[in-house]
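Structure first, then comments.
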Amino acid sequence: MVARPLVYWIDAQLPPALAPWLTATFGVEVYSVAYLGYREAEDEVIFQAARA
């Protein structure tokens, strides 16, 4: 089994600009749920999308 890299999704209440800053500062893959199109989505929908 090949391990997938960990990708972080930050909450819609946090500024979307935080994601690229975290990526640049810590070298980790980070996206805002707002950027991914889940700003108004229920938590369960976001959770299922993140697992996919």
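For the sequence shown, position 26 (counting from the first letter as 1) is numbered 26 according to the UniProt record's numbering, and the numbering increases by one without interruption. Idealized CB from N, CA, C, for every residue including glycine. In this text the structure is predicted, and so the values were computed from the model without any measurement.
Same chain only: Cβ atoms within 6 Å of residue i, ignoring 5 sequence neighbours per side
i	result
Ala34	Ala12 and Pro16
Classification of residue i by the beta-carbon crowding that lies within 10 angstroms, buried from 16 upward
i	result
Ala19	buried
Residue interval of the alpha helix (DSSP H) (run including residue i)
i	result
Val45	Asp43 to Arg51
Among the options, the one whose alpha carbon lies nearest that of residue i
i	options	result
Gly27	Val7, Ala49 and Arg51	Val7
Rounded Cβ spacing between residue i and residue j (contact assumed at less than 8 Å)
i	j	result
Ala41	Trp9	Their Cβ separation, rounded to whole angstroms, is 11 Å, which puts Ala41 and Trp9 out of contact at 8 Å.
Pro5	Glu29	6 Å
Residue i beta carbon near the ligand MN (any heavy atom closer than 8 Å)
i	result
Val28	As for the ligand MN, it is missing from this structure, which has no ligand bound.
Extent of the continuous beta strand (DSSP E) to which residue i belongs
i	result
Val28	Counting along the chain, Val28 falls outside any beta strand (DSSP E), and DSSP gives it neither H nor E.
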